[in-house]
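Accompanying notes for the structure given below.
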Amino acid sequence: MTAYIARRVFQAVFVIIGVTLLAFFIMFLTGDPTYLLLGDVRGMTQVEIEAFRHEMGFDRPVAIQYWDYMKNAIRGDLGKSYYHRVPNMELILERMPATLQLALTGQALAILIAVPLGVYAAVHRNTIADHLTMVGALLGQSVPVFWLGLLMILLFSVELRWFPVSGYGTLRHLVLPAITLGAFSMARIARLTRSTLLEVLSEDYINTARAKGLSERVVIYKHALRNAMIPVVTIIGLSMGMLLGGAVITESIFAWPGVGRMILTAIQTKDLPLVQSSVIVLSSGFVGINLLVDIMYGFLDPRIRYD
Amino acid sequence: MNVRAENTEQGRGAALPDHDQRVERPGYVVFFDRLFRAKLPAIGLGIILLIVLMAIFAPYLAPHDPTKITVEDRLKPPVWSEDGDARYLLGTDSLGRDVLSRLIYGARVSLIVGFSAVVISGTIGVLLGLIAGYAGGRVEDFIMRLADIQLAFPYILLAIAVLAVLGPGLVNIIFTLSIAGWPQYGRVVRGQVVSYREREFVEAAEALGASGSRVVFQHILPNIAAPVIVIASFAVAGTIISEASLSFLGLGVQPDVATWGAMLSIGREYVREAWWLSVLPGLAIVATVLGVNVFGDWLRDYLDPKLDAF
């Protein structure tokens with residue numbers, strides 16, 4: 002098990018380095034980022050432009066820039082925001098709690114609703130309840146996050162006035178964004194729980210358990226569900242990525258003061274270093290979550306460790 | 031859904047050369063026969079065709095110029111509302127542009143972006159997957175690690191970062207979504223190639239002196255078409271949603287071009303006074319995506335019931 006964990010950690014570190022590399026070079030897609038940051042350079046003298054280029058360090062070879070960036074990153078310094086003039090890390094950490102609150106609530110809602118629904122649908126296969134659940138899940142996977150958010154606002158804020166349109170602070174502010182964000186993974190988890198449980202229920206050991214005279218409840222919850230949860234756990238880990246991505250959109254709709262909304266405002270203010278650093282932090286977080294999932298997976302299913 | 035169960039029980043289709051030879055009817059007859067028996071996916075395909083036709087014939091179908099601004103007719107509700115105007119069946123937006131015409135033209139952007147990004151990312155992904163699977167060694171390691179790294183980015187976040195640098199625009203958005211989408215194909219194709227390399231017919235071809243590219247393209251590629259088609263069909267749905275999301279965030283196509291996502295971002299500003307602006311474009315997106323998803327679901331079972339849910 003130790004070897005397995007060590008291997009996974011090594012892979013995760015490698016991927017995070019790759020993530021920084023990729024995020025770093027995205028800035029150079031159009032060549033020199035100086036003009037990208039300055040935007041309109043009319044009215045600026047060549048000397049001023051050069052000075053800016055030098056100040057930002059863009060006059061050095063790209064490889065050196067990356068090396069310096071990484072050297073600082075290891076010490077937790079992700080550079081300074083071009084717009085706010087404060088360290089990027091500070092801005093990100095300030096907004097991270099709001100994003101995590103939203104993403105984790107969304108995910109928790111999704112799991113708490115989707116897993117029981119999926120189990121119910123599988124156990125009552127081909128009943129009306131099953132069909133309704135699956136149609137709902139299909140719908141949930143086809144509705145764009147931002148439209149769902151708009152509909153929620155339209156129905157629950159504008160028409161019914163149950164929840165505030167946007168903002169942050171109280172539990173009532175959290176409800177609509179969390180449901181909006183969690184809907185997609187709810188749909189995916191419900192479908193996957195149902196299909197894996199159905200698969201497991203047709204295995205021989207389930208027949209054996211039934212033949213032993215165990216009650217259906219014990220068969221399903223003690224024998225089947227535990228095995229069916231393995232792929233579900235993986236999907237839960239993977240959908241954290243969707244959630245972090247979806248958070249950008251959800252935060253923007255509900256004016257939620259998280260990292261996602263900051264990324265969008267940073268794009269408008271051409272604050273690309275901040276965009277870059279936020280993307281690196283969110284993606285690394287996603288890698289970390291999947292590392293945890295992989296390790297958990299190793300505990301759940303001993304066969305995985307010997308891959 | 032029982033559609034899926036039915037298909038699984040009926041067994042595999044005859045669309046691909048590697049499949050059951052006993053079925054004598056031509057492939058397309060079996061295909062449509064099964065499709066129409068399953069009903070729901072047939073409706074899905076119908077919706078897709080309808081949207082495609084709408085996009086192609088947009089200039090003939092749209093009652094107004096989608097970009098024509100008529101300020102005095104701004105924010106007219108759909109015709110069935112009390113203040114509806116018979117000239118504007120689905121109402122007008124904040125600049126008095128006809129919503130129906132914009133919806134019809136919006137199909138163009140969604141489909142162009144959806145299909146071209148999927149074709150490009152599919153081609154890149156399949157090629158890299160084939161190379162990785164067949165070449166093995168360091169080349170394989172390099173390509174697969176690249177896929178790992180890209181998959182570590184939340185998809186939409188990667189797209190946002192790239193578009194932030196490139197700026198909005200149709201070509202940029204297609205480029206971005208193409209680049210972001212390839213690892214899915216790459217991984218699956220590589221896995222398939224690795225498993226096919228050991229099969230007798232591949233070894234036989236190699237023994238007969240076939241070159242590497244001949245083995246890959248003539249012998250392996252046709253056999254891995256099924257999973258690629260399935261991934262591609264779902265990717266079309268995902269790409270349409272991504273394009274709409276990016277347009278909604280103002281990172282998509284130019285703002286004056288009619289796209290469903292951009293229409294919704296206007297709708298969001300007028301959510302209190304003009305519900306139709308935030309409801310109707312979303313319905314268009316959901317109808318399209320649902321059509322693709324339902325059809326894709328069925329296609330997966332039809333092509334190979336053993337394929338997992340992606």
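Residue numbers (the numbering used here), protein chains in the order written: chain A, 2 to 308; chain B, 31 to 340.
Think of the CB as a built atom: it goes at the ideal place given N, C-alpha and C, for glycine as much as any other residue.
Neighbour flag for residue i against chain A, beta carbons, 7 angstroms
{"i": "isoleucine 73 (chain B)", "result": "no"}
{"i": "isoleucine 179 (chain B)", "result": "yes"}
{"i": "glycine 43 (chain B)", "result": "Annotation note: pLDDT 44 at glycine 43 (chain B) (below 50); position unreliable, coordinate value reported separately. Chain A, which has no Cβ nearer than 7 angstroms to the Cβ of glycine 43 (chain B), makes this no."}
{"i": "leucine 187 (chain B)", "result": "yes"}
{"i": "isoleucine 315 (chain B)", "result": "yes"}
{"i": "proline 108 (chain B)", "result": "no"}
{"i": "glycine 76 (chain B)", "result": "no"}
{"i": "tyrosine 332 (chain B)", "result": "no"}
{"i": "arginine 302 (chain B)", "result": "yes"}
{"i": "asparagine 323 (chain B)", "result": "yes"}
{"i": "proline 184 (chain B)", "result": "yes"}
{"i": "leucine 307 (chain B)", "result": "no"}
{"i": "leucine 320 (chain B)", "result": "yes"}
{"i": "arginine 298 (chain B)", "result": "yes"}
{"i": "alanine 344 (chain B)", "result": "No answer is possible for residue 344 (chain B): the residues shown for chain B start at 31 and end at 340."}
Short Cβ contact (7 angstroms threshold) for residue i with residue j
{"i": "proline 145 (chain A)", "j": "isoleucine 271 (chain B)", "result": "yes"}
{"i": "isoleucine 17 (chain A)", "j": "serine 285 (chain A)", "result": "yes"}
{"i": "glycine 80 (chain A)", "j": "asparagine 89 (chain A)", "result": "yes"}
{"i": "proline 232 (chain A)", "j": "threonine 197 (chain A)", "result": "yes"}
{"i": "leucine 120 (chain B)", "j": "leucine 307 (chain B)", "result": "no"}
{"i": "methionine 45 (chain A)", "j": "leucine 273 (chain A)", "result": "no"}
{"i": "arginine 61 (chain A)", "j": "threonine 35 (chain A)", "result": "no"}
{"i": "tyrosine 226 (chain B)", "j": "isoleucine 261 (chain B)", "result": "no"}
{"i": "valine 260 (chain A)", "j": "asparagine 228 (chain A)", "result": "no"}
{"i": "valine 218 (chain B)", "j": "proline 257 (chain B)", "result": "yes"}
{"i": "alanine 184 (chain A)", "j": "leucine 149 (chain A)", "result": "yes"}
{"i": "alanine 64 (chain A)", "j": "isoleucine 281 (chain A)", "result": "no"}
{"i": "isoleucine 250 (chain B)", "j": "aspartate 123 (chain B)", "result": "no"}
{"i": "glycine 211 (chain B)", "j": "serine 146 (chain B)", "result": "no"}
{"i": "glycine 163 (chain B)", "j": "arginine 220 (chain B)", "result": "yes"}
{"i": "glycine 292 (chain A)", "j": "arginine 9 (chain A)", "result": "The residue asked about is misnamed: residue 292 (chain A) is leucine in this sequence, not glycine. Contact flag set, yes."}
{"i": "alanine 235 (chain B)", "j": "valine 245 (chain B)", "result": "yes"}
{"i": "lysine 106 (chain B)", "j": "tyrosine 90 (chain B)", "result": "no"}
{"i": "glycine 58 (chain A)", "j": "glutamine 47 (chain A)", "result": "no"}
{"i": "threonine 318 (chain B)", "j": "isoleucine 81 (chain B)", "result": "yes"}
{"i": "threonine 194 (chain A)", "j": "glycine 119 (chain A)", "result": "yes"}
Interface flag, residue i vs chain B, CB-CB below 7 angstroms
{"i": "serine 143 (chain A)", "result": "yes"}
{"i": "valine 63 (chain A)", "result": "no"}
{"i": "glycine 242 (chain A)", "result": "yes"}
{"i": "phenylalanine 26 (chain A)", "result": "no"}
{"i": "tryptophan 68 (chain A)", "result": "no"}
{"i": "phenylalanine 147 (chain A)", "result": "yes"}
{"i": "serine 203 (chain A)", "result": "no"}
{"i": "leucine 155 (chain A)", "result": "yes"}
{"i": "valine 234 (chain A)", "result": "no"}
{"i": "serine 284 (chain A)", "result": "yes"}
{"i": "isoleucine 231 (chain A)", "result": "no"}
{"i": "valine 288 (chain A)", "result": "yes"}
{"i": "isoleucine 112 (chain A)", "result": "no"}
Neighbouring residues, chain C, relative to residue i (Cβ below 9 angstroms)
{"i": "serine 278 (chain A)", "result": "Going by chain labels, chain C is absent from the structure shown, which instead holds the protein chains A and B."}
For residue i: DSSP bridge partner residues
{"i": "proline 88 (chain A)", "result": "A:Lys81"}
{"i": "threonine 122 (chain B)", "result": "B:Asp128"}
Near the ligand COA: residue i beta-carbon under 6 angstroms from a heavy atom
{"i": "alanine 184 (chain A)", "result": "You won't find the ligand COA in this model; it holds no ligand whatsoever."}
(message) I want to know whether the region 204-216 of chain B touches the region 263-280 of chain A - three or more CB-CB distances under 8 angstroms.
(response) Three or more Cβ pairs closer than 8 angstroms define a contact, and the region 204-216 of chain B falls short of that threshold against the region 263-280 of chain A.
(message) Check whether the region 163-171 of chain B and the region 287-297 of chain B touch, using three or more Cβ-Cβ pairs below 8 angstroms as the test.
(response) No, the region 163-171 of chain B does not touch the region 287-297 of chain B.
(message) Does the region 127-137 of chain B come into contact with the region 78-96 of chain B, if we say contact requires no fewer than three beta-carbon pairs (one atom in each stretch) closer than 8 angstroms?
(response) Short answer: they touch.
(request) Would you check if there are 3 or more beta carbon pairs closer than 8 angstroms linking the region 246-257 of chain A to the region 201-209 of chain A? (result) No, the region 246-257 of chain A does not touch the region 201-209 of chain A.
(request) Ignoring anything shorter than 3 residues or poking outside the region 71-119 of chain B, list the beta strand (DSSP E) runs there in chain order. (result) Fully enclosed beta strand (DSSP E) runs of 3 or longer: not present.
(request) Evaluate contact between the region 287-297 of chain A and the region 213-227 of chain A, counting only Cβ atoms and requiring at least three cross-stretch pairs below 8 angstroms. (result) With the cut-off at 8 angstroms, the region 287-297 of chain A and the region 213-227 of chain A do not touch.
(request) Run through the region 180-257 of chain B for me and flag every whole alpha helix (DSSP H) of 4 or more residues, listed as ranges in chain order. (result) Taken in chain order, the whole alpha helix (DSSP H) runs of length 4 or more contained in the region 180-257 of chain B are 185-196, 200-227 and 230-237.
(message) Check whether the region 104-111 of chain A and the region 172-180 of chain A are in contact - that is, three or more C-beta pairs closer than 8 angstroms.
(response) The region 104-111 of chain A is in contact with the region 172-180 of chain A.
(message) Measuring CB atoms only, is the region 289-303 of chain A touching the region 123-140 of chain A, in the sense that at least three cross pairs come out at less than 8 angstroms?
(response) Result no; under three Cβ-Cβ pairs closer than 8 angstroms.
(request) Report the residue ranges of all alpha helix (DSSP H) runs contained in full by the region 251-339 of chain B; include only those spanning at least 4 residues, in chain order. (result) Counting whole runs of 4 or more residues, the region 251-339 of chain B contains the alpha helix (DSSP H) stretches 255-278, 290-299 and 305-333.
(request) For the region 321-334 of chain B and the region 70-84 of chain B, state whether three or more C-beta atom pairs, one from each stretch, are separated by less than 8 angstroms. (result) Segments in contact, yes.
(request) Entirely within the region 59-145 of chain A and at least 4 residues each: give me those alpha helix (DSSP H) ranges in chain order. (result) Listed in chain order, they are 63-75, 89-124 and 129-143.
(message) Runs of 4 residues minimum, wholly inside the region 157-241 of chain A: which ones carry the alpha helix (DSSP H) assignment?
(response) Whole alpha helix (DSSP H) segments, 4+ residues: 172-202 and 205-212.
(request) Scan the region 5-50 of chain A and note each continuous alpha helix (DSSP H) run of 4 residues or more that stays entirely inside, going in chain order. (result) Runs of the alpha helix (DSSP H) inside the region 5-50 of chain A: 34-39.
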